[in-house]
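Q:
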Amino acid sequence: MILTIAHNVIFPISVIVKRGWIRMVRRYANMFPLVVMPLFFLIAFAGSFSGLGRLEGFGTDNVIDWMLPWAALQGCAFAGIGTGAFTAEDLEGGFYDRLFLAPITRPVLLAGLLAFAGARSLIPLTLVSIVAKFLGASYPTGVAGVGMLYIAGVSIAFIMALLSLALVYHFKVQRILALGQIVIFVALFLSIGQAPIRFMQGWLPYVARVNPFTNIIRFARQGLIGDITWADTWPGLLAISGLVLSFGFFALRNLFRYNR
Amino acid sequence: MTARQTLAQAEELSRRSIIALFRQPQSWIPGFFFPILLALVYTSQFSGATNLPGFELTDSFLNFLLPASLLQGISFGATIGASDLAVDIEQGFFDRLLVSPANRLVILLGRMAGTMTWATIQCCSLTLIFIALGVRIHGGSLAFFTILLVGVLLSLFLGSFAMGLALATGSEEVVQSLFPLIFAFLFLSSAFFPTEAMTGWYRQLAELNPITYIIDPLRRMVLSDFNWGDAGQAISVVLLLATLGIAFSLYRLRKKLAKT
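As they're listed, the protein sequences go chains D and U. So the first sequence is numbered by this note's numbering: it starts at 5 and just counts up by one. So the second sequence is numbered by this note's numbering: it starts at 51 and just counts up by one.
1. According to a CB-to-CB cut-off of less than 9 Å, which residues of the region 71-101 of chain U neighbour chain D?
2. Please report how far the alpha carbon of Ile180(D) lies from the alpha carbon of Ala281(U), in whole angstroms.
3. Ignore the nearest five residues each way along the sequence and tell me which others in Leu260(U)'s own chain have a CB closer than 6 Å to its CB.
4. In whole angstroms, give me the CA-to-CA distance for Met71(D) and Gly149(D).
5. Below 8 Å on the Cβ atoms is my contact criterion, and I expect Ala119(D) with Ile17(D) to pass it. Report the Cβ-Cβ distance as a whole number of Å.
6. Show which residues of chain D have a CB atom less than 9 Å away from the CB atom of Pro260(U).
7. For a test of the three-state rule: what should DSSP assign to Thr237(D), helix, strand or coil?
8. On the three-state DSSP scale, how would you describe Lys305(U)?
9. Within 10 angstroms of its Cβ, does Arg146(U) collect 16 or more other Cβ (buried), or is it exposed?
10. At the 8 Å Cβ level, is Tyr263(U) part of the contact set with chain D, yes or no?
11. Could you run through the region 231-245 of chain U and flag, in chain order, every residue whose CB is less than 7 Å away from some CB of chain D?
12. If we call anything under 8 Å between Cβ atoms a contact, is Trp25(D) one with Gly197(D)?
13. Could you name the residues of chain U that Leu194(D) contacts, counting a contact when the two beta carbons are closer than 9 Å?
14. Does the beta-carbon of Asn113(U) have 16 or more other beta-carbons within 10 angstroms, so that it is buried, or is it exposed?
15. First and last residue of the alpha helix (DSSP H) that includes Ala83(D)?
16. When the Cβ atoms of the region 132-145 of chain U are set against those of the region 206-218 of chain U, are three or more pairs found closer than 8 Å?
17. Counting only beta-carbon atoms, is Ala136(U) nearer than 8 Å to chain D?
18. I'd like to know whether the C-beta atoms of Phe233(U) and Tyr92(U) end up nearer to each other than 8 Å.
19. Does chain U have any CB closer than 8 Å to the CB of Val1(D)?
20. What residues in its chain sit with their C-beta under 7 Å from that of Ser240(U), if we drop five residues either side in the sequence?
21. Note down the Cα distance separating Arg54(U) from Thr293(U), rounded to an integer number of angstroms.
22. Using a Cβ-Cβ cutoff of less than 8 Å, which residues in the same chain neighbour Ser125(D) once the five nearest sequence positions on both sides are dropped?
23. Measure the alpha-carbon distance for Met35(D) versus Thr91(D) and round it to whole angstroms.
24. Distance check for Ser195(D) and Ala50(D), CA to CA, integer angstroms please.
25. Enumerate in chain order the residues of its own chain whose CB-to-CB distance from Ile296(U) is below 6 Å, with the five nearest sequence positions on each side excluded.
26. Pair every Cβ in the region 70-86 of chain U with every Cβ in the region 113-124 of chain U, then say whether three or more of these pairs are closer than 8 Å.
27. Residues in its own chain within less than 6 Å of Leu159(U) by CB, not counting five upstream and five downstream?
28. Can you list the beta strand (DSSP E) stretches of 3 or more residues lying completely in the region 125-179 of chain D, in chain order?
And the structure:
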């Protein structure tokens with residue numbers, strides 16, 4: 005039983021991750037959104053809005069602590085979308101047709117791509133965490149806070165990978181991923197990414213409150229600006245589960261419909 | 051070749067550039083959508099920050115953001131002409147133009163004229179949208195025309211620099227990779243937050259950024275009265291940048307022609 009699972013599930017997943025990783029390293033321009041963009045977001049937003057820490061009730065007086073998860077999660081979102089881009093290239097180049105002839109089930113194929121997205125997301129998470137430390141991040145809860153950030157980051161990579169794959173399997177062109185980028189850009193900007201809800205005025209607080217990414221960012225940020233509490237944890241877990249299940253359903257459905 | 055013929059050629063090539071742009075809405079829609087979205091989100095998020103240093107002239111964050119939003123939108127559109135030039139080079143149309151009896155300088159000037167025309171359209175449309183959202187330009191029509199002139203010259207700088215890159219590399223991908231750099235330059239300035247409210251080395255960097263020397267006087271004209279000194283400062287800095295951009299693109303054109 006264990007040997008069968010190892011042969012039919014774990015081995016194909018590890019091969020998919022390994023192939024993707026080699027491809028990513030050999031075409032290092034693809035690493036730009038994973039490496040440069042999140043660091044730029046961290047430095048630009050923490051620098052530009054450094055004065056916000058002086059305002060009473062902002063949540064922290066160290067803006068680096070506030071912007072750290074925002075920048076890292078953006079990088080993780082790019083990691084997920086990048087997985088969709090690799091898949092679109094495979095579809096356009098005909099590699100997927102050959103893959104379907106291989107002895108691998110479609111859910112395992114999807115799981116392999118998700119594992120690759122998760123592995124890619126470790127790059128921005130680690131890089132941003134280290135650079136933020138040098139820039140003055142305080143990490144008040146230590147490893148536990150970083151752990152929460154990693155869980156949220158890998159989850160965002162899964163969510164964006166599933167959304168991108170659902171789009172790519174349906175439209176079969178790489179260009180459609182621009183839609184995925186717009187979705188994540190808008191969703192993250194309309195959340196508590198840059199400022200807490202109590203700071204917002206007008207229409208934005210209402211949108212931010214119902215935006216599931218608000219709960220995920222709060223989940224990721226709690227251990228970086230204060231204590232980790234169940235009240236900030238369960239809404240994040242609920243949002244992650246809901247988005248993974250919804251986008252996972254569409255990705256799997258479109259994958260099963262592909263070429264049938 | 052008479053000046054009249056040269057002018058007619060420039061007009062035709064400029065028209066071609068504009069038509070190509072209109073037929074690719076995916077290229078120009080972000081130039082309208084993102085500046086408005088960012089301005090609305092930031093206004094909602096950071097209106098409470100207007101009691102920080104640097105906001106003495108206004109308590110409206112939307113008014114504060116107007117010059118930055120206009121220049122951001124124009125920056126989005128400025129490189130489209132260069133991307134099209136790179137495509138022309140990739141697909142061989144540029145070589146066909148070279149063997150036609152067209153003035154070679156006009157090939158570049160036509161694109162630049164197209165870029166400036168688009169910047170004018172974009173600046174006027176975005177200003178109207180912002181006025182509809184409640185923005186008031188306190189410096190009146192003189193301030194608006196100064197912003198328009200600066201916006202057009204900025205598009206000339208970015209467009210001509212990007213065209214130089216297109217001529218040097220012949221790659222659309224390289225031209226498009228300029229965009230994150232432009233975005234970074236905008237954020238590393240006083241575009242979205244006053245330098246007085248920033249801290250540390252980031253503030254020093256933002257104070258050295260030429261974009262700060264363009265944005266700050268334009269902002270004073272929007273928030274207060276029109277001032278010839280401010281207009282002179284913004285125009286002279288952007289004129290210097292545009293001259294450098296044009297010199298770079300002409301140098302690359304000469305090199306390209308020498309090769310062919």
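Here a beta-carbon is modelled for each residue, glycine too, at the ideal position from N, C-alpha and C.
A: So, to answer that:
1. Within the region 71-101 of chain U, the residues whose Cβ lies closer than 9 Å to some Cβ of chain D are Gln76, Pro80, Phe83, Phe84, Leu87, Leu88, Leu90, Val91, Tyr92, Thr93, Ser94, Gln95, Phe96, Ser97, Gly98, Ala99, Asn101, listed in chain order.
2. Rounded to the nearest angstrom, the gap between the Cα atoms of Ile180(D) and Ala281(U) is 43 Å.
3. For the sequence presented, residue 260(U) should be read as Pro rather than Leu. Excluding five sequence positions before and after Pro260(U), the CB atoms of its chain that fall closer than 6 Å to its own CB belong to Val287, given in chain order.
4. Each residue's Cα considered, the two are about 14 Å apart.
5. Contact flag correct, Cβ pair sits at about 5 Å.
6. For a Cβ distance threshold of 9 Å, nothing in chain D lies close to Pro260(U): the least Cβ distance comes to about 17 Å.
7. In the displayed model, Thr237(D) falls within a helix according to three-state DSSP.
8. In the structure shown, Lys305(U) falls within a helical segment according to DSSP collapsed to helix, strand and coil.
9. In the assembly as shown, Arg146(U) is an exposed residue. Its beta-carbon has fewer than 16 other beta-carbons within 10 Å.
10. With 8 Å as the cut-off, Tyr263(U) does not count as an interface residue toward chain D.
11. Within the region 231-245 of chain U, the qualifying residues are Ala234, Phe237, Leu238, Phe242, Phe243.
12. Inclusion of Trp25(D) and Gly197(D) in the CB contact set at 8 Å is not warranted, their separation being larger than that value.
13. Correct list: Leu87, Val91.
14. It counts as buried.
15. According to the DSSP assignment, Ala83(D) belongs to the alpha helix (DSSP H) that extends over 67-97.
16. These segments touch.
17. Chain D, which has no Cβ nearer than 8 Å to the Cβ of Ala136(U), makes this no.
18. For the pair Phe233(U) and Tyr92(U), the CB atoms are not nearer than the 8 Å cut-off.
19. Here chain D has residues from 5 to 264 only, and residue 1(D) is not among them.
20. Taken in chain order, the residues that qualify are Ala256, Thr262, Ile265, Asp266.
21. In a straight line, the C-alpha of Arg54(U) is about 25 Å away from that of Thr293(U).
22. Result list for Ser125(D): Gly79, Cys80, Ala83, Gly84, Gly157, Val158, Ile160, Ala161, in chain order.
23. Going from the Cα of Met35(D) to the Cα of Thr91(D) covers about 16 Å.
24. Roughly 17 Å between the two C-alpha positions.
25. Excluding the 5 residues flanking it on each side, Ile296(U) has same chain C-beta neighbours closer than 6 Å at Ser210, in chain order.
26. Short answer: they touch.
27. Short of 6 Å from the beta carbon of Leu159(U), and not among the five residues preceding or following it, lie these beta carbons of its own chain, in chain order: Ala60.
28. Taken in chain order, no unbroken stretch of beta strand (DSSP E) lies wholly in the region 125-179 of chain D with a span of 3 residues or more.
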